[in-house]
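Following our numbering, the residues of the sequence shown are numbered contiguously, the last one being 486. Even for Gly, the Cβ is constructed at its ideal location relative to N, Cα and C. Below is one structure; the comments refer to it alone.
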Amino acid sequence: MEQIMEIIVWANRFLNRFAWGPSTIVLLAVSGVLFSIGTGFFQVRNIKLWYQKTIGDAFSKKNSTKNKEGISGFQSACTALAATLGTGNIAGVATAIASGGPGAVFWMWISAFFGTMTGYAENVLAGLYKGKSAKGEPIGGAMFYIEQGLGCHWLAVLFSFFCILGSLGMGDMAQANSIATGMQDAFGIPPLLTGIIVAAAVGFAIVGGIQRVGRITEKIVPFMALAYTAAALLVVAVNWHKIPQVLELIWQNAFSAKASLGGMAGYGVQQALRVGVSRGVSSNEAGLGSSVMANSASATNPIEQGMWGVFEVVVDTLFMCTLTAFAILCSGVYDVSVYAKALYTSQFAQLPNGAALTANAFRTVFGEMGGVLIAISLMLFAFSTLLGWSYYGERAVEYVFGANAIPVYKVVYVLCIMLGCITRLDLVWSISDTFNGLMVPPNLLAVLWLSPQVFRETRSYFSVKSSIAK
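In structure tokens:
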């Protein structure tokens, strides 16, 4: 068994270097910068507009009703946020800081700022190129704009295949693993028992299709986001005087060519950049082409669907991930020199990592209740992500293998939940990162090729609004 695990670790390390190599980083950077400049930095210039057209309209009566063919815009957004607001916001950020240093937070911010417009472009294209499911429901995703926009069926199939792997990795096993870790840390519940219970709950939810998933996520997402935000803000508020030191630490570590501030083994700029970007993209999904599948289930205008892409990245990374990072760094539970020295040694596995590191930060303010808070937050965040990614995987499976393969996929998805609960945390996250990274090239090649259409649609939208205003 140990030899098999060593082979898996070696193979994944090799694929991960390819998946998150220079070409992927360059593609993400070019995409984000191109769409930011091409739209006149839409994410900044039109803050009021995209806020009103997303969360503002979501609570208005006329926009919260269900579309005859799909689900409401708010439900689709909650399904997308359910997939993005996952354990990446709690465990993923902690893992990024532990393995990439505080500088990873800076690169997470940079990738998210420009990633807002990558998410915008993906959602616009997904709104323009749609299909129908076997049940007649509107569906969309990168595979549709790759095939219909580029006329490249094989690339669409390749993306769908990577999406299936991504759904079983980051969307499934990583989430289940974090739930099991949190439950064991807070309540001493065996991982296998957690896996059985979570698998049963997810199985019940996904049997009901996107309608049931939409109804569940629109109730879970707002509650869990507000509750976790309040707790994390309190941790940061108690340590507010350390914020200037934390900002300085993030800045220095993002650009320092030294191993760490303490001196030995380490992080370095390349490690911080790679980990920060990969964790940021894995969390907010901008560039993966996955979250657009949930947004495409509503009948929203393509440009306004693109605005949801901006909103989701801002909420997920620039707000939620930042809160977690500051809670960890302000609380004093993380020592940069200790983690940097242990990074490439066997001692690293003994250091608090992932959800355990975030829980330690919360314990500095809430005592043992901090671990309970993280366990409950992880359960809600991860459960919602499991639902969101199950939908993405279903769409990819249907695209490649047909609707008859969906029941088989659901069974595999549920079984992977139990497998994820009993697998090593570092290996699960590493494999998940790899699967997500493989989705980026086929998706962004299509998005960049179709960029003129995104710019035309954006100009047309604002010209119509301008003429109406007159």
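For residue i and residue j, what's the separation of their Cα atoms in angstroms?
i: PHE220; j: ALA202; result: 26 Å
i: TYR477; j: PHE471; result: 10 Å
i: CYS179; j: GLN268; result: 36 Å
i: PHE539; j: LEU389; result: The question about residue 539 has no answer, for the chain in this structure spans 17 to 486.
i: PHE399; j: LEU31; result: 28 Å
i: VAL326; j: ALA128; result: 10 Å
i: GLY418; j: ALA196; result: 33 Å
i: VAL251; j: LEU402; result: 27 Å
i: TRP26; j: ALA120; result: 24 Å
i: LYS148; j: ILE155; result: 6 Å
i: ALA35; j: ARG440; result: 21 Å
i: ILE344; j: GLN261; result: 13 Å
i: SER307; j: VAL381; result: 34 Å
i: SER264; j: VAL46; result: Residue 264 is actually Glu in this sequence, not Ser. Cα to Cα, the separation comes out at about 28 Å.
i: PHE397; j: VAL424; result: 25 Å
i: GLY56; j: ILE113; result: 32 Å
i: PHE104; j: ILE212; result: Checking the displayed sequence, the identity of residue 104 turns out to be Gly instead of Phe. Between GLY104 and ILE212, the C-alpha separation is close to 22 Å.
i: PHE122; j: ALA270; result: 6 Å
i: GLU328; j: ALA302; result: 9 Å
i: SER479; j: ILE41; result: 34 Å
i: LEU431; j: GLY157; result: 25 Å
i: LEU435; j: LYS64; result: 44 Å
i: ILE433; j: ASN369; result: 21 Å
i: SER176; j: TYR244; result: 33 Å
i: ALA172; j: PRO458; result: 8 Å
Are there 16 or more other CB atoms within 10 angstroms of the CB of residue i, so buried, or fewer, so exposed?
i: ASP188; result: buried
i: GLN7; result: The shown model of the chain, from 17 to 486, leaves out residue 7, and the question about it has no answer.
i: MET385; result: exposed
i: ILE266; result: buried
i: GLY383; result: exposed
i: GLY279; result: Low confidence applies here, because GLY279 scores a pLDDT of 40, under 50, leaving its location unreliable and the question unanswered by this model.
i: GLY404; result: buried
i: ASN193; result: buried
i: GLY152; result: exposed
i: PRO206; result: exposed
i: LEU208; result: exposed
i: ARG379; result: buried
i: TRP170; result: exposed
i: ASN420; result: exposed
i: GLN68; result: exposed
i: GLY167; result: exposed
i: GLY204; result: exposed
i: ARG475; result: exposed
i: GLY131; result: buried
i: ILE23; result: exposed
i: ILE53; result: exposed
i: GLN19; result: exposed
i: TRP125; result: buried
i: PRO468; result: exposed
List the whole-angstrom C-beta distance separating residue i from residue j, where the pair is believed to meet the contact cut-off of C-beta under 8 Å.
i: VAL293; j: GLY117; result: Not confirmed; about 14 Å, so no contact.
i: ALA371; j: LEU394; result: 6 Å
i: MET323; j: TRP66; result: 4 Å
i: LEU44; j: LEU466; result: Actually they do not touch by this definition, with Cβ atoms about 17 Å apart.
i: ALA248; j: THR134; result: Not confirmed; about 26 Å, so no contact.
i: CYS9; j: LYS258; result: This structure cannot settle anything about residue 9, because the visible part of the chain is limited to 17 through 486.
i: ALA375; j: GLY387; result: 5 Å
i: VAL456; j: LEU304; result: 6 Å
i: SER115; j: LEU289; result: Actually they do not touch by this definition, with Cβ atoms about 13 Å apart.
Under three-state DSSP, which class holds residue i?
i: GLY157; result: coil
i: GLY72; result: helix
i: GLY147; result: strand
i: LEU44; result: helix
i: GLY224; result: coil
i: GLY198; result: helix
i: PRO207; result: helix
i: ASN459; result: helix
i: GLY182; result: helix
i: PRO118; result: coil
i: GLY56; result: coil
i: PRO38; result: helix
i: ASP188; result: helix
i: ASN24; result: Rather than Asn, the amino acid found at residue 24 in this sequence is Ile. Correct three-state label for ILE24: helix.
i: ALA112; result: helix
i: CYS168; result: coil
i: CYS302; result: Sequence inspection shows Ala at residue 302; the Cys mentioned does not correspond to that position. ALA302 falls in the coil class under three-state DSSP.
i: VAL214; result: helix
i: GLY292; result: helix
i: LEU359; result: coil
i: LEU454; result: helix
Would residue i count as contacting chain C if we go by Cβ distances under 8 Å?
i: ASN376; result: Any reference to chain C falls outside this structure, which holds one protein chain only.
Please specify which runs of the beta strand (DSSP E), each continuous and at least 3 residues long, are wholly inside the stretch 314-338, giving them in chain order.
none
Segments of 3+ residues assigned as beta strand (DSSP E) that fall wholly inside the stretch 383-452:
none
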